[in-house]
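Data block below; observations after.
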Amino acid sequence: KKALDAEKEKVRDESRFFRLAGAVSGPANSNPQEKVFRASLEQVHDALYHVLDLLKATLDLHTCILLLKDDESGRLRIVELATDSDEVAEGPFDLGEGAVGAVATRGIVMRLENLKRGYKGICYYRNGAPVKSFLAVPVQDGAAMQGALCADRVNAVPFTAKEEIVLTNAVSQVLRAIENERVFVQLEESKREQTYLHHASTALGAALTEEEVINAALEAASGIAPYDFAAITLYSGETRKHTIKRAVGDGAQRLENLTFRDNASLTAMVVKNRHYLPYRGEFDPKQQVVYTKRAKLSGMRSLLILPLIVGEDAIGTLAIAARRSDAWGRAVRPTLSVVANQLAVAMSNAAAVKRLEELATTDGLTGCLNKRSFMEELERKLVSAERFGRELSLLVTDLDHFKMVNDTYGHDVGDVVIKELGAILMREKRDTDEVARFGGEEFCVLCEETDTDGALILAERIREVVGETVFQTELGEMSVKASIGVATFPRDASTPEELFKITDQALYAAKRSGRNKVCTSSDVA
């Protein structure tokens with residue numbers, strides 16, 4: 123274990139050095155500004171590792187690794203990885219080496235399965251690949267090939283088309299992280315940025331949630347250009363709607379969470395044209411509309427609205443306003459534009475991290491918790507129940523004769539039924555209950571501070587609702603029934619394993635006694 127950790131850290135250190143050395147000239151840590159710069163890059167790099175680690179957990183990988191071209195040598199180097207292996211080679215690797223080289227040079231997706239142990243086509247393993255399944259997608263910025271994002275498994279489960287899409291989508295986050303670093307490099311080389319900008323970049327690079335990102339951006343804007351009002355909007359090209367995600371200062375309370383469609387406002391024009399407004403920073407409330415005609419900014423005389431741009435798209439705006447005229451001067455806008463660019467990338471990254479975290483903890487079809495996350499919740503809440511002397515009940519529900527539904531109507535129809543069953547459970551549960559899909563048509567409901575009688579009430583209500591529901595499918599209407607088993611801690615069991623065992627026995631008792639029933643441990647023969 124120690125050898126494995128040391129090897130991983132060695133590879134990560136080498137990749138960090140490779141990237142940082144190209145970004146900064148001169149002796150290491152020669153001045154405080156350079157230390158801040160290096161620390162900021164490290165935090166951006168850690169955010170990239172978080173994305174790879176989430177991919178590893180979500181897709182059940184042995185290794186998830188990013189390799190990029192070294193501009194000087196033209197060879198592939200490891201930039202970041204998340205792995206369980208101690209066989210990862212240090213590199214660099216020639217572009218012509220095996221599957222990874224083909225992906226990085228030709229821009230193709232490579233999916234391999236049923237690999238024999240010791241397969242030599244995956245360059246980043248020292249003594250041949252110890253894996254059976256492999257997937258790699260190109261990392262491409264425009265027309266320029268930059269490298270490959272690779273994933274592999276030691277088990278023989280092949281990668282699916284959906285998993286290929288997940289990995290391909292993650293490439294955009296990789297490119298944004300690379301762009302993030304480029305911005306940092308530009309800031310350091312120009313030597314024109316202020317201390318607040320360094321602080322803002324560090325905070326935005328470290329922020330992983332939308333709230334953290336917004337807080338960091340507004341604090342940075344306040345330091346660079348003191349304002350009386352500020353707001354951040356997000357834009358959905360799908361719905362063509364703008365939403366004020368956060369507003370601070372004078373009149374902020376009535377504007378926060380306001381949603382409005384594309385209109386003739388300055389905000390809509392900034393998003394459409396991807397260019398700041400007003401040009402001179404002057405605001406005339408009689409002639410100009412910031413958001414809507416009703417949502418006015420009173421008493422403001424200076425205004426600057428900057429687009430939040432990711433790639434070719436504006437995803438929102440950063441706006442600041444002040445009561446005094448000519449509040450900031452022209453020199454502020456370029457610096458705030460850098461903050462806006464960082465904010466856009468950070469907001470996009472936060473959304474991507476949230477999606478990956480949801481993929482790692484929830485079932486893709488129903489949105490309920492997946493088995494692993496549910497088991498973690500069960501263990502945590504069982505410890506709490508034992509500590510405070512409280513009861514906790516578990517429900518396991520299974521659709522009756524569901525195999526016949528799949529065999530007769532197909533899995534697409536079966537998925538419609540499973541998805542709606544998940545929705546029923548989510549609607550019927552209490553706010554404190556947890557619902558998970560364990561696989562197939564089997565679902566679990568965890569009820570805190572609930573005895574057997576209370577769990578029975580919920581289970582009977584679920585059974586009745588399922589039985590009364592008419593499922594709308596592409597082949598017509600359909601009805602199903604459900605059997606449910608119930609067990610309670612500490613009456614029936616003292617461990618998660620025992621609780622599940624008793625609950626399953628109660629479920630089977632419901633099946634044996636005619637189905638469409640609820641049974642408890644008392645019904646187990």
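Just so we're aligned: 367 in this note's numbering is position 245 of the sequence shown, and the numbers increase by one with no gaps anywhere.
The C-beta atom is built at its ideal place from N, Cα and C for all residues, glycine as well.
Keep in mind the model is a prediction, meaning the values are calculated, not measured.
- With a threshold of 16 other beta carbon atoms within 10 Å, Thr282 falls short and is exposed.
- For the alpha helix (DSSP H) assignment, the uninterrupted runs of no fewer than 4 residues enclosed by the region 381-417 are, from N- to C-terminal side, 388-395.
- If you ignore the 5 residues before and after Arg368, its C-beta comes within less than 6 Å of the C-beta of Ile336 and Ile354, all in its own chain and listed in chain order.
- In this structure, Gly438 sits near Leu356, with a CB-CB distance shorter than 7 Å.
- Taken atom to atom, the span from the alpha-carbon of Lys418 to that of Met548 is near 40 Å.
- Of all C-beta pairs linking the region 205-223 to the region 282-296, fewer than three are shorter than 8 Å, placing the two stretches out of contact.
- Residue pairing of Ala169 in beta bridges, as defined by DSSP: absent, with no partner found.
- One thing to note: Leu198 has its Cβ within 7 Å of the Cβ of Pro214.
- Proximity of the region 258-266 to the region 167-176 falls short of the contact definition, fewer than three beta-carbon pairs being nearer than 8 Å.
- Residues of the same chain with a CB within less than 6 Å of the CB of Glu571, apart from the 5 flanking positions on each side, are Arg512 in chain order.
- In the structure shown, Glu563 falls within a coil segment according to DSSP collapsed to helix, strand and coil.
- Rounded to whole angstroms, the Cβ separation of Cys272 and Ile187 is 5 Å, and the two are in contact under 8 Å.
- Per the coordinates, the alpha-carbon of Arg376 lies some 35 Å from the alpha-carbon of Glu556.
- Under the three-state reduction of DSSP output, Ile244 falls in the coil class, being neither helix nor strand.
- When only Cα atoms are considered, Thr519 and Leu428 end up about 52 Å apart.
- In the three-state reduction of the DSSP assignment, Met232 falls in the strand class, which pools E and B.
- The beta carbon of Thr595 sits closer than 6 Å to the beta carbons of Val535 and Val538 from its chain, once the five residues preceding and following it are set aside; these are given in chain order.
- In chain order, His184, Thr185, Val253 and Phe256 place their CB closer than 6 Å to the CB of Asp274, counting only its own chain and leaving out the 5 sequence neighbours on each side.
- Each residue's CA atom was taken as its position, placing Val588 and Ser470 some 39 Å apart.
- The alpha carbon of Leu521 has as its nearest neighbour, out of Ser506, Glu542, Asn463 and Val505, the alpha carbon of Glu542.
- DSSP places His533 within a helical segment (H, G or I) once states are collapsed to three.
- In terms of Cβ geometry, Leu217 and Thr227 form a close pair [threshold 7 Å].
- Taking 7 Å as the cut-off, the beta carbon of Ala632 is found no closer than this to the beta carbon of Val646.
- Here Ala472 is not near Leu430, since their CB atoms are 7 Å or more apart.
- Counting along the chain, the unbroken alpha helix (DSSP H) around Phe510 starts and ends at Lys493 to Phe510.
- Between Leu568 and Asp208, the alpha-carbon positions lie close to 39 Å from each other.
- By the criterion of a C-beta distance shorter than 7 Å, Lys551 is surrounded in its chain by Val557 and Val567, once the five residues flanking it on both sides are discounted.
- The C-beta of His533 has fewer than 16 other C-beta atoms within 10 Å across all chains shown, which makes the residue exposed.
- At least 7 Å separates the beta-carbon of Gly561 from that of Thr488.
- Shown here, Tyr630 sits in a helix according to DSSP, grouped into three states.
- In this chain, Arg446 is not harboured by any beta strand (DSSP E), its DSSP state being neither H nor E.
- Here Gly421 has Arg445 as same chain residues with Cβ atoms under 6 Å from its own Cβ, once five neighbours each way along the sequence are excluded.
- Closest option to Pro456, judged by alpha-carbon separation, among Ile287, His397, Ala577 and Val411: His397.
- The straight-line gap separating the alpha-carbon atoms of Gly240 and Leu481 is approximately 31 Å.
- For Glu202, the enclosing beta strand (DSSP E) has its first and last residue at Leu198 to Thr205.
- Excluding sequence positions up to five before and after Thr414, its CB lies within less than 6 Å of the CB of Phe382, all in the same chain and listed in chain order.
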